[in-house]
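Positions in the sequence shown are counted from 1; adding 21 to them yields my numbering. We put the CB at the ideal spot given by N, CA and C, even for glycine. These numbers come from a predicted model, not from an experiment.
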Amino acid sequence: MKNHRFRAFLGGRMVDAQSIFWNKDFTEITEIRYLDVDGEVTGVSGEEAKNAPLMQSTGFKETESDRQIFEGDLVKVEYQYGISTCVVEWCDVKYALILNPIDGEKPRHKPHFRLSGKKSVKIVGNIYENQGLIPPKI
């Protein structure tokens, strides 16, 4: 069985979700448990859990470290045509991971980047804690 890792943006900070509980229809999250700064299990429930942004690990790691890459991460990617800063997103149509360039760079060969096979991938932030890195849409 594959071990799926999630993190959540709660109380202005990113936390690694230890357990996620759903209602009986699996349509809403009812509780998220995580380790606090002292290593104690704590959690949120109700509206706070229901509205918390939840991000799944991609299974990929940074090129030069062991840091896992999650959806919603901002990554600097070196690829065959140059370097681009991208948001990691899931493509529901193809059930694949895509990188959406946010720095004006457009890939020459496909409408999206794939994370595998890149020369270098480095996490530079995420869409919740580092919104200043994302240029405004015109």
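#1: According to DSSP, is Gln101 helix, strand or coil?
#2: Suppose you measure from the CA of Val96 to the CA of Ile90; what does that come to, to the nearest Å?
#3: Between the Cα of Asn151 and the Cα atoms of Cys107, Glu52 and Asp37, which residue gives the shortest distance?
#4: Tell me, which residues are paired with Asn147 by DSSP?
#5: Comparing alpha-carbon positions, which option in Leu31, Pro74, Asp94 and Phe47 lies nearest Val145?
#6: Is Tyr102 buried or exposed, if buried means 16 or more other CB atoms sit within 10 Å of its CB?
#7: When the Cα of Tyr100 is compared with those of Leu154, Gly153 and Val142, which residue comes out closest?
#8: To the nearest angstrom, how far is it from the Cα of Asp57 to the Cα of Gly67?
#9: Closest to Asn72 by C-alpha separation, out of Ile53, Phe27 and Thr79, would be which residue?
#10: Assign Glu49 to one of two classes, buried (16 or more other C-beta atoms within 10 Å of its C-beta) or exposed (fewer than that).
#11: From the DSSP output, which residues share a beta bridge with Ile155?
#12: Which residue from Thr79, Val36, Gly80 and Lys45 puts its Cα closest to that of Asp59?
If we stick to the structure as given:
#1: Locating residue 101 in the sequence shown gives position 80, counting from the first residue. Coil.
#2: If you number the sequence shown from 1, residue 96 lands on position 75. If you number the sequence shown from 1, residue 90 lands on position 69. In a straight line, the C-alpha of Val96 is about 9 Å away from that of Ile90.
#3: Within the sequence shown, the letter at position 130 stands for residue 151. It is Cys107 whose Cα lies nearest to the Cα of Asn151.
#4: Taking the first residue of the sequence shown as position 1, residue 147 is located at position 126. Note: Asn147 sits in a beta bridge opposite Asp94.
#5: Along the sequence shown, one-based indexing puts residue 145 at 124. The candidate whose alpha carbon is nearest that of Val145 is Asp94.
#6: Numbered from its first residue, the sequence shown carries residue 102 at position 81. Exposed: under 16 other Cβ atoms inside 10 Å.
#7: As a working note, residue 100 is residue 79 in the sequence shown. Nearest C-alpha to Tyr100: Val142.
#8: Within the sequence shown, numbered from 1, the residue matching residue 57 stands at position 36. Within the sequence shown, numbered from 1, the residue matching residue 67 stands at position 46. One C-alpha to the other measures close to 19 Å.
#9: The count along the sequence shown starts at 1 and reaches residue 72 at position 51. Residue Ile53 is the option with its Cα nearest to Asn72.
#10: As a position in the sequence shown, residue 49 is number 28, starting the count at 1. It counts as exposed.
#11: As a first step, residue 155 must be located in the sequence shown, where it is residue number 134. Answer is none; Ile155 lacks a bridge partner.
#12: In the sequence shown, the residue the question calls residue 59 occupies position 38. Closest in alpha carbon position to Asp59, among Thr79, Val36, Gly80 and Lys45, is Val36.
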